[in-house]
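J.:
Residue numbers (the numbering used here): 652 to 1272.
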């Protein structure tokens, strides 16, 4: 999957790009090799300049095929359009991307390239091979799911990414409302094709998708209620323009017409499809029960973890990690003087009111204020931990109400590369009982700084690195960094409150349990209830949190395993470097090694750390 595809999928999923789910076969933005005419590297001494220019041309050609990526990057080209989601476009994109791969192999000799360009060559080849392997699974990714898909992505994309600075921008917004019907219909056709192949989400997933879809077309101008999400957003953006009231009224009137005459019928068609498929959808939960499901799951595990670990190995690792973390939790339980079993302590943490803000607007504002304060405090300490800092700003926001019911607990959205949009840490405050204060600190570090904002903002601001690397990603690396970022602040004196430290461990435990339940569901054929029961017994998380999580893992097979595997590898490599370098080890330099080449498969990251260690040792001699 190209970086442009990853960005576009994330932008339309309603989730962070790190949680955007799709197979490599969903590629619909790749460039054509024929568009480039670069001489062979051996014919020109500046091979690095040539291949970097070619990488940029292929990236830009891919972006040109994706209006949504252009918007996500802060550009206003093709501003009134959506992506082409047709199978014909996907097939063409796959052919073009594989032609790009063949062209690179035929044109450039990696042995003639400097180290950074060799790495770019390797990653482009890695991504292309992954895409080729995934083409057979192009219809296995769930187009629609309770937490992601165009049904919730359309309003999310318009609200969060389509800026309106001029009347022309407003006209483009109107065009997108009108054109959304075709985009939604194309995706519905893709979902219908998968359904006919036997690739369906479980029956229970359909009602949440119906509710989310219905929410998009509830309110004015569809009924007499308050403005619907898109209408409210458009009206607010138009009101901010410096134009006459007459012109504002015209634009709002056209939006009302587009919503009722174009968008609403498309959503009604989608809802009708959901209602029809619900009657015959499967009752089982794991992906093992779709055609080729076990093979598909193995493919997804390899992609998300960037390793060859089997489902059984991942399951066993999870069990061992759960046991380890339980032991560390028992030490905190003793520290605070709690008497009883660990499960008793879990129940105390779930139910004691001291750990929860009120489920009111005041409670939500307090949460956002405290989360912002935690990030501000961490920002002051970053020079102890890092040499490199992002230029982009970071803000904390509440998830919009229209998508609260189906959105995740928390997620991050990258800043626009041109500075027009900050990085955003989104907190889902629909039910404050699902957002305990003892987890607030770790969650802020994961989604904000030093977690996703540090990693992703720095990555896209890198100089001398091709765009496909600055905007791409590997889940084990990205989420591994997020989880590692929850952990290492404890070494700098953070989590001074034992309950907050328990919250850190609770989130680490959560990721360890994911290894168990994800493989349990999709490999060991657990039921949804068995997975819920496992989390309820082994974690302190609230019941609502548990159910929402299991529902996520069911429709995103393999994704949840990447966090702990990535975290463990980043930590293992750090400790290896510390042991090898002794007093010369500097954690700030280690973080540079991890962050300053962008996202990497774990095996490539290991080699990069080993090379850094060797260079440091050679320099000390």
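Don't be surprised by glycine CBs; every beta carbon is placed ideally from N, CA and C.
Small disclaimer: the values here were computed from a predicted structure and weren't measured.
Would you give the residue range spanned by the beta strand (DSSP E) that residue 1063 belongs to?
T.: 1061 to 1064
J.: Among residues of its own chain, excluding the 5 on either side of residue 1046, which ones have a beta-carbon nearer than 7 Å to its beta-carbon?
T.: 1073 and 1075.
J.: Buried or exposed: residue 1274, going by 16 or more other Cβ atoms within 10 Å of its Cβ?
T.: The displayed coordinates of the chain run from 652 to 1272. Any statement about residue 1274 would go beyond what the structure contains.
J.: From what residue to what residue does the alpha helix (DSSP H) around residue 1014 run?
T.: Element bounds for residue 1014: 1012 to 1032.
J.: Comparing C-alpha positions only, which one of 944, 754 and 860 sits nearest to residue 848?
T.: 944
J.: Closest by CA to residue 791, which one among 852, 1063 and 1111?
T.: Checked all of 852, 1063 and 1111; the closest Cα to residue 791 is 852.
J.: Any idea what DSSP makes of residue 1247, helix, strand or coil?
T.: Residue 1247 falls in the coil class under three-state DSSP.
J.: Using a Cβ-Cβ cutoff of less than 7 Å, which residues in the same chain neighbour residue 1205 once the five nearest sequence positions on both sides are dropped?
T.: 853, 936, 1172 and 1179
J.: Would residue 835 count as contacting chain C if we go by Cβ distances under 8 Å?
T.: In the structure shown, chain C cannot be found, because there is only a single protein chain.
J.: Do the segment 1221 to 1230 and the segment 1013 to 1022 make contact, defined as three or more Cβ pairs closer than 8 Å?
T.: no
J.: Between the Cα of residue 879 and those of 858, 1131, 911 and 861, spot the shortest distance and give me the residue it belongs to.
T.: 911
J.: Within the present structure, is the beta-carbon of residue 1126 separated from the nearest heavy atom of the ligand ZN by less than 7 Å?
T.: Of the ligands one can find in the structure shown there are none, so the ligand ZN has no counterpart to examine.
J.: Residues in its own chain within less than 7 Å of residue 976 by CB, not counting five upstream and five downstream?
T.: 1156, 1159, 1160 and 1163
J.: So residue 1097 and residue 1137 are in contact, right, with Cβ under 8 Å, and what is the actual spacing, rounded?
T.: 5 Å
J.: Of all the options 1032, 1027, 886 and 1068, which has the alpha carbon lying nearest to the alpha carbon of residue 1043?
T.: Ranking the options by Cα distance to residue 1043, first place goes to 1068.
J.: Could you check whether residue 1026 and residue 906 sit closer than 8 Å to each other, using their CB atoms as the reference points?
T.: In terms of Cβ geometry, residue 906 and residue 1026 do not form a close pair [threshold 8 Å].
J.: Does the contact criterion of 3 or more C-beta pairs under 8 Å hold for the segment 814 to 824 versus the segment 741 to 758?
T.: no
J.: So, helix, strand or coil for residue 1089, using DSSP?
T.: Helix, per DSSP.
J.: From what residue to what residue does the beta strand (DSSP E) around residue 1078 run?
T.: 1074 to 1078
J.: On the criterion of 16 or more Cβ atoms from any shown chain inside 10 Å, does residue 682 qualify as buried, or is it exposed?
T.: Any reading at residue 682 must be qualified, since the residue scores a pLDDT of 34, below 50, and its modelled position is unreliable; the value itself is stated next. Buried, because 16 or more other Cβ atoms sit within 10 Å of the Cβ of residue 682.
J.: I'd like the list of long-range same chain contacts for residue 689, defined as Cβ closer than 6 Å, with 5 residues on each side in sequence excluded.
T.: A caution first: residue 689 carries a pLDDT of 39, below 50, which makes its placement in the model unreliable, though a value can still be read off. Cβ within range, chain order: 701 and 705.
J.: In whole angstroms, give me the CA-to-CA distance for residue 985 and residue 1102.
T.: 30 Å
J.: Rounded to the nearest angstrom, what separates residue 1084 and residue 997 at their Cα positions?
T.: Between the alpha carbons of residue 1084 and residue 997 lies a gap of roughly 14 Å.
J.: Could you spell out the range, first to last residue, of the beta strand (DSSP E) harbouring residue 865?
T.: From DSSP, residue 865 is part of no beta strand (DSSP E) but of the alpha helix (DSSP H) over 857 to 867.
J.: Hey, is the segment 947 to 961 in contact with the segment 777 to 786, meaning 3+ C-beta pairs nearer than 8 Å?
T.: By the C-beta criterion, the segment 947 to 961 is judged to be in contact with the segment 777 to 786, since at least 3 inter-stretch pairs fall below 8 Å.
J.: Looking at residue 1129 and residue 1006, is the spacing between their C-beta atoms short of 8 Å?
T.: No; because the gap between Cβ atoms is not below 8 Å, this pair is not in contact.
J.: What is the residue span of the beta strand (DSSP E) that residue 1049 lies within?
T.: 1045 to 1049
J.: Looking only at DSSP bridge pairs, what is residue 871 linked to?
T.: Answer is 878, bridged to residue 871.
J.: What are the boundary residues of the alpha helix (DSSP H) that residue 838 is part of?
T.: Its alpha helix (DSSP H) spans residues 818 to 847.
J.: Nearest-angstrom Cα distance between residue 1035 and residue 760?
T.: 41 Å
J.: Going by DSSP, name the residue or residues bridged to residue 796.
T.: 799
J.: Do residue 1201 and residue 1167 have their C-beta atoms within less than 8 Å of each other?
T.: no
J.: Looking at residue 1039: is its Cβ nearer than 8 Å to the Cβ of residue 1109?
T.: yes
J.: On the premise that residue 1208 lies in contact with residue 938, defined as a C-beta separation below 8 Å, what is that separation, rounded to the nearest angstrom?
T.: 4 Å
J.: Which whole-angstrom value describes the C-beta separation of residue 1174 and residue 962, a residue pair presumed to lie in contact below a C-beta threshold of 8 Å?
T.: 4 Å
J.: Count the C-beta pairs between the segment 730 to 747 and the segment 824 to 838 that are closer than 8 Å, then say yes if the count reaches three, no if not.
T.: yes
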